[in-house]
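J.:
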Amino acid sequence: MSASLNYKSFSKEQQTMDNLEKQLICPICLEMFTKPVVILPCQHNLCRKCASDIFQASNPYLPTRGGTTMASGGRFRCPSCRHEVVLDRHGVYGLQRNLLVENIIDIYKQESIRPEKKSDQPMCEEHEEERINIYCLNCEVPTCSLCKVFGVHKDCQVAPLTHVFQRQKSELSDGIAILVGSNDRVQGVISQLEDTCKTIEECCRKQKQELCEKFDYLYGILEERKNEMTQVITRTQGEKLEHVRALIKKYSDHLENVSKLVESGIQFMDEPEMAVFLQNAKTLLQKISEASKAFQMEKVEHGYENMNHFTVNLNREEKIIREIDFYREDESPEKASELSQVELQAAPEALPVSSPEPPPALPPAADAPVTQGEVVPTGSEQTTESETPVPAAAETADPLFYPSWYKGQTRKATTNPPCTPGSEGLGQIGPPGSEDSNVQKAEVAAAATSERAAVSGKETSAPAATSQELVICLALLAFLILHYIWSQIQCLIFTLMDWI
């Protein structure tokens, strides 16, 4: 059974309202909070006017708001917990307002001044002449005495309406007071969450800055390595161009000299005086012979202009770069940093260089030592005397282009043979009486002898083969000159015979 109820105020209600009012008292003016209400960092509430008064009392030398200047900051202590409150340049006007407390104050004032509504005592719907004066605890509805004796609530437990009313009214007031008291805790949680947001933003900013610095460091290493390798290619280009241009100049000078000799020979063949011709023919033939013997044709081998041995394979480095990620939670930052440094140090040294067709290389310059970190192209690596075996010297340079350097490398390899696996120390070979040492010495000597023989044969046969065409041309020219001289002599003899 339900009923529409409207109760009068009891003394218990007044007591509950008094308890609520105590929660809304300012600790400075000891009166109810006057709007605006500000909340301190310690989560206690004050009237803004009271906060301004205590701030002025704590900072007597600072000008007031009505003065010529306004304080840019200051501090005072909370009157409730003595926590120090630091103000910014806005002063007490920079403190956050507690809107929830202000709303509760408005509701409290409205309830306090609202006139009590007078209404008749509600009557029972089943028994119209009976007033509702008891409360059924089982059905949780108010009812009358007849319903308890004869009606539907005769088997239920009942209690006086006044006791139940006071109990529920007290529970409601306590709940409101708990909500007001929990406001400080909620405000504290909000402040902590705001501080957490600021901390997250600051940490992310630092991590982004560190990440950018590390990637900039990698960019610097790549740029430095690129410049070094570009310098190597440029240096090799200059050496090869210098060599080819030197050959061009040499052949051009020789061609010019030969052309002058041919022109002189042709002009000299038109000499009508036989005596003059015979006097100068020997000198001209000697010059032609010297020119044919002194010149040795050198050719640039096929593939000399190829630069494929400077090709760089960055597949492994690209894979490593693409796998860069943040270290896992089970890894410590120190370990991740050490691994990163090791990879960075190993990366420049492990740049693979592919050489599909090893072209002929230039002899290493004696005055240009390879610096640390310099990339040396395949086939032109410089080694020390103790590390230069004979086959390596034969493969490094072509004796047709650099015979003197090749001889020097061969003599160096013969004089300082490579250390055998049984040797110890710097250049020391095993015991003199051991059989392994004798066998190894014999093998080294035989290899050096065969290499010298091959080099000598190549040096002697290559120039002759390359200058064979020029010798044939010069011999043909000499034959023509001699044939012309003989025809002139015959004509002279026939002329003399006719005179006789």
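Position 354 of the sequence shown, counting from 1, maps to 354 under the UniProt record's numbering, and the rest follow consecutively. Backbone N, C-alpha and C define an ideal beta-carbon position, used for all residues, glycine too.
Put M307 into one of helix, strand or coil per three-state DSSP.
T.: Note: M307 maps to coil in three-state DSSP.
J.: To the nearest angstrom, how far is the alpha carbon of W486 from that of E290?
T.: Using only the alpha carbons, I get a separation of about 23 Å.
J.: Buried or exposed for A275, please, with buried defined as at least 16 other CB atoms from any protein chain shown within 10 angstroms of its CB.
T.: By the 10 Å Cβ count, A275 comes out exposed.
J.: Can you say whether G220 is buried or exposed, counting buried as having 16 or more other CB atoms within 10 angstroms of its CB?
T.: By the neighbour-count rule (16 or more Cβ atoms within 10 Å), G220 is not buried but exposed.
J.: Considering only the alpha carbon of each residue, which of T495, E125 and L477 lies closest to S264?
T.: Comparing Cα positions, the closest option is L477.
J.: Which runs of the beta strand (DSSP E), 3 residues or longer, sit entirely within the stretch 97-167?
T.: You should have 134-136, 141-143 and 158-160.
J.: From P348 to V312, what does the alpha carbon distance come to, in whole angstroms?
T.: Note that P348 has pLDDT 46, beneath the 50 cutoff, so the model's placement of it is unreliable and the number below is only indicative. Going from the Cα of P348 to the Cα of V312 covers about 12 Å.
J.: Do you know offhand how far F494's Cα is from L482's?
T.: Cα to Cα, the separation comes out at about 18 Å.
J.: So the candidates are E301, G303 and Q296; which of them puts its Cα closest to the Cα of V471?
T.: Nearest option by C-alpha distance: Q296.
J.: Between the Cα of F326 and those of E202, E210, R131 and D216, spot the shortest distance and give me the residue it belongs to.
T.: Comparing Cα positions, the closest option is E210.
J.: Please classify T143 as buried or exposed, where buried requires at least 16 neighbouring CB atoms within 10 angstroms.
T.: Buried, because 16 or more other Cβ atoms sit within 10 Å of the Cβ of T143.
J.: Of the choices H44, I489, L284 and Q110, whose alpha-carbon is the least far from that of I266?
T.: Looking at the Cα atoms, L284 is the closest of the given residues.
J.: May I ask you to report which of helix, strand or coil DSSP gives I28?
T.: Three-state DSSP puts I28 in coil, outside helix and strand.
J.: Hey, how far is the Cα of Q168 from the Cα of M123?
T.: Straight-line Cα distance between these residues: approximately 21 Å.
J.: Given the structure, does E128 come close to the ligand SAM, in the sense that its CB is under 7 Å from one of the ligand's heavy atoms?
T.: Of the ligands one can find in the structure shown there are none, so the ligand SAM has no counterpart to examine.
J.: For C212, which three-state DSSP category applies?
T.: Three-state result, C212: helix.
J.: What residue range does the alpha helix (DSSP H) around L40 cover?
T.: From DSSP, L40 is part of no alpha helix (DSSP H); its letter is neither H nor E.
J.: Kindly indicate which three-state DSSP category R77 falls into: helix, strand or coil?
T.: DSSP places R77 in strand when its eight states are reduced to three.
J.: Between F33 and I105, how many whole angstroms is the CB-CB distance? I'm expecting something under 8 Å.
T.: About 6 Å; that satisfies the 8 Å criterion.
J.: Which complete alpha helix (DSSP H) runs does the UniProt domain "COS" (269-327) hold, if anything under 4 residues is left out?
T.: Counting whole runs of 4 or more residues, the UniProt domain "COS" (269-327) contains the alpha helix (DSSP H) stretches 274-294 and 315-322.
J.: From D18 to A177, what distance separates their C-alpha atoms?
T.: Between D18 and A177, the C-alpha separation is close to 11 Å.
J.: For M497 and S259, I'd like the C-alpha separation in whole angstroms.
T.: The alpha-carbon atoms of M497 and S259 are separated by roughly 39 Å.
J.: Evaluate A159 with the Cβ neighbour count: other Cβ atoms within 10 Å of its Cβ, from every protein chain shown; 16 or more gives buried, anything less gives exposed.
T.: So A159 ends up on the exposed side.
J.: With distances taken Cα to Cα, identify the nearest neighbour of H127 among C491, E140, K49 and C147.
T.: Nearest option by C-alpha distance: C147.
J.: On the DSSP letters alone, give me the boundaries of the alpha helix (DSSP H) that F86 sits inside.
T.: Sequence check: residue 86 is Val here, not Phe. Careful: V86 lies outside any alpha helix (DSSP H), inside the beta strand (DSSP E) at E84 to L87.
J.: With 16 as the cutoff for other CB atoms within 10 Å, does N103 come out buried or exposed?
T.: That one is exposed.
J.: For the candidate residues M307, G175, V37 and G74, whose alpha-carbon lies nearest to that of L99?
T.: The shortest Cα separation from L99 among M307, G175, V37 and G74 belongs to V37.
J.: Assuming C26 contacts L46 under a Cβ cut-off of 8 Å, what Cβ separation, rounded to an integer in Å, is found between them?
T.: Right, their Cβ atoms sit about 6 Å apart.
J.: From T162 to I132, what does the alpha carbon distance come to, in whole angstroms?
T.: Each residue's alpha carbon lies about 11 Å from the other.
J.: Please go through the same chain and pick out, in chain order, the residues whose beta-carbon is closer than 7 Å to the beta-carbon of L492, but skip the five residues on each side of it.
T.: Taken in chain order, the residues that qualify are M274.
J.: Whole angstroms is fine: what's the gap from Q237's alpha carbon to K226's?
T.: In a straight line, the C-alpha of Q237 is about 16 Å away from that of K226.
J.: By a C-beta neighbour count over all protein chains shown, 10 Å radius and 16 as the cutoff for buried, is A475 buried or exposed?
T.: Exposed, by the Cβ-count rule.
J.: So, with DSSP's three-state summary, where would you put L222?
T.: Of the three classes helix, strand and coil, the one that applies to L222 here is helix, per DSSP.
J.: Between which two residues does the alpha helix (DSSP H) holding L496 run?
T.: Run containing L496: Q468 to W499, per the alpha helix (DSSP H) assignment.
J.: Report the partner residues of N45 according to the DSSP bridge assignment.
T.: Looking at the DSSP assignment, N45 forms a beta bridge with I39.
J.: Quick one: measure Cβ to Cβ for D184 and Q43, integer angstroms, because I've assumed they're closer than 8 Å.
T.: The pair is a contact, with the Cβ atoms about 4 Å apart (cut-off 8 Å).
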